[in-house]
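Per this note's numbering, the very first residue in the sequence shown carries number 524; after that it's consecutive. Following: one structure in structure tokens, then a few remarks.
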Amino acid sequence: MGVVRKWVFPIIRLVVVVAIAAALCKLAFFPDTKAEADAAVPTGQLTEPQATVATGTISNDVTLKATVTADPASPIRATASGVVDEVQVKVGATVASGDTVFDVKVETARDPVETVAPDGSTVSTERKPLITYVEVTAPIAGIVSALPVLPEQTVAVGDVAGQIAPPTFSVTGSLNAADQYRLVSQPTEAQVAITGGPAPFTCTGLTIVTPLAGSDGSGSGSGGSGGDPSAGGGSAGGSSGSGNTLRCSVPADVRVFAGLAADVTIAAGKAENVLVIPTTAVEGTALNGNVWFVLPDGTTEQRPVILGLTDGSLVQVVSGLAAGDAVLQFVPGAAAPPAGGGCEGVPNCFVGGVAVGG
Numbered sequence: 524m525g526v527v528r529k530w531v532f533p534i535i536r537l538v539v540v541v542a543i544a545a546a547l548c549k550l551a552f553f554p555d556t557k558a559e560a561d562a563a564v565p566t567g568q569l570t571e572p573q574a575t576v577a578t579g580t581i582s583n584d585v586t587l588k589a590t591v592t593a594d595p596a597s598p599i600r601a602t603a604s605g606v607v608d609e610v611q612v613k614v615g616a617t618v619a620s621g622d623t624v625f626d627v628k629v630e631t632a633r634d635p636v637e638t639v640a641p642d643g644s645t646v647s648t649e650r651k652p653l654i655t656y657v658e659v660t661a662p663i664a665g666i667v668s669a670l671p672v673l674p675e676q677t678v679a680v681g682d683v684a685g686q687i688a689p690p691t692f693s694v695t696g697s698l699n700a701a702d703q704y705r706l707v708s709q710p711t712e713a714q715v716a717i718t719g720g721p722a723p724f725t726c727t728g729l730t731i732v733t734p735l736a737g738s739d740g741s742g743s744g745s746g747g748s749g750g751d752p753s754a755g756g757g758s759a760g761g762s763s764g765s766g767n768t769l770r771c772s773v774p775a776d777v778r779v780f781a782g783l784a785a786d787v788t789i790a791a792g793k794a795e796n797v798l799v800i801p802t803t804a805v806e807g808t809a810l811n812g813n814v815w816f817v818l819p820d821g822t823t824e825q826r827p828v829i830l831g832l833t834d835g836s837l838v839q840v841v842s843g844l845a846a847g848d849a850v851l852q853f854v855p856g857a858a859a860p861p862a863g864g865g866c867e868g869v870p871n872c873f874v875g876g877v878a879v880g881g
């Protein structure tokens, strides 16, 4: 027993101490894993988003919000100077174009008659004035909405003697300059969908009116609205006199009411199997523009391009690029892009080095 206490236990303690020392030395100087990288050291790399010129189809449909408005009333103007003789209709009456509204009694002075008296002198005899009646007719078909003239009232040529409201309606809306650029040709009709109304229908006689400087905003060229050119010249559904106003006629067999909201779609062309890039990649979106072409060494150079149709997200490249060319997805220094980065519907489109295009 004395031998165990004298030799065995001390040896065991020594072995344990050596093992612990070796383990501590191993942990201190020979770790099993490499030291983790410092999280504060940047490891990412900034890259310019790129878009690849692809082949696609562009449907250039311009859409805008509009309102159904009653076509403006047409004035009844006196066509002769004289006295109102008889009013033929009343307010609220339905008239056809050319119907007599009232007539004007016109008195025309006549030269005196000169005769020779028995004594040889000349005698001048005054004659009664010549009386004629001139009919003032309705300029358009519709309902007499105002007729303030009274019998025996004196009128002059051009005086507004009443108003006739046509039974027709138009769809009017504001068209901004950017959308007007997309209309490569003057459209003549549009598809209209009435909110909570009948099925979509074709609205004809489409016109785009731009008020001239100094005008009252009513513009000109709106004679195609309301189905009757003589009804033109009125303000287009409450337009403020600034900007472009689109106006087209509602067919007579479509029942609508003034004030209804509508969505207007103008088909302004379609291009199939053409070169397309995101609009965010082009400086300018109509007629011509500039892109930043990516060279093989990764640098970029500005290149002019000729542009065609656009749907607001994609734009057609008529010349200046070839399929497969890479350009910067965003114009340098341009404003922040919308959600999606302008890659909607664009194959091989990269944002931050990640393909996101469809």
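C-beta atoms are modelled at their ideal positions from N, C-alpha and C, and glycine is treated no differently.
- In its chain, beyond the 5 residues on either side, 637, 638, 639 and 640 have a beta carbon closer than 8 Å to the beta carbon of residue 646.
- Assigned with DSSP and collapsed to three states, residue 538 falls in helix.
- Its Cα nearest to that of residue 845, the residue 817 stands out among 821, 817 and 836.
- Below 8 Å, enough C-beta pairs join the stretch 677-690 and the stretch 591-605 to call them touching: three or more.
- Comparing C-alpha distances from residue 686 to each of 726, 632, 700 and 624 shows the shortest one belongs to 624.
- Per the Cβ contact rule, the stretch 711-719 is in contact with the stretch 781-791 (3 or more Cβ pairs under 8 Å).
- Cβ contact annotation for residue 848 (same chain, cutoff 6 Å, sequence separation greater than five): 576, in chain order.
- Of all C-beta pairs linking the stretch 583-594 to the stretch 689-709, three or more are shorter than 8 Å, placing the two stretches in contact.
- For residue 770, the beta-bridge partners assigned by DSSP are 695 and 730.
- Counting along the chain, no beta strand (DSSP E) covers residue 611, and no H or E run does either.
- As computed with DSSP, residue 826 is found in a beta bridge with 814.
- In this structure the stretch 804-813 does not lie against the stretch 604-616, because fewer than three pairs of beta carbons, one per stretch, are closer than 8 Å.
- Secondary structure of residue 684 (DSSP, three-state): strand.
- With contacts defined by Cβ atoms closer than 8 Å, residue 574 and residue 827 do not form a contacting pair.
- In the displayed model, residue 652 falls within coil according to three-state DSSP, outside both helix and strand.
- For the pair residue 585 and residue 706, the CB atoms are nearer than the 8 Å cut-off.
- The Cβ-Cβ distance between residue 688 and residue 619 does not fall below 8 Å.
- In the DSSP assignment, residue 600 falls within the beta strand (DSSP E) that extends over 597-600.
- For residue 647, DSSP records a beta bridge to 637.
- Closest in alpha carbon position to residue 777, among 583, 819 and 725, is 725.
- A Cβ-Cβ contact shorter than 8 Å links residue 649 with residue 635.
- DSSP links residue 628 through a beta bridge to 606 and 656.
- Contact between residue 822 and residue 852 does not hold, since the beta-carbon distance rounds to 16 Å and is not under 8 Å.
- In the same chain as residue 786, and ignoring 5 residues on each side of it, the C-beta atoms closer than 6 Å to its own belong to 716, in chain order.
- Taken atom to atom, the span from the alpha-carbon of residue 840 to that of residue 587 is near 25 Å.
- Residue range 700-705 is occupied by the alpha helix (DSSP H) that includes residue 701.
- For the pair residue 794 and residue 578, the CB atoms are not nearer than the 8 Å cut-off.
- Counting of Cβ neighbours within 10 angstroms places residue 771 among the buried residues, the total reaching 16 or more.
- In the structure shown, residue 547 falls within a helical segment according to DSSP collapsed to helix, strand and coil.
- Looking only at 622, 629, 537 and 615, the smallest Cα-Cα distance to residue 607 is reached by 629.
- Ranking 732, 814, 674 and 825 by CA distance to the CA of residue 838 puts 814 first.
- Where residue 675 is concerned, there is no enclosing beta strand (DSSP E), because DSSP gives it neither an H nor an E.
- Going by beta carbons, residue 769 and residue 698 fall inside the 8 Å limit.
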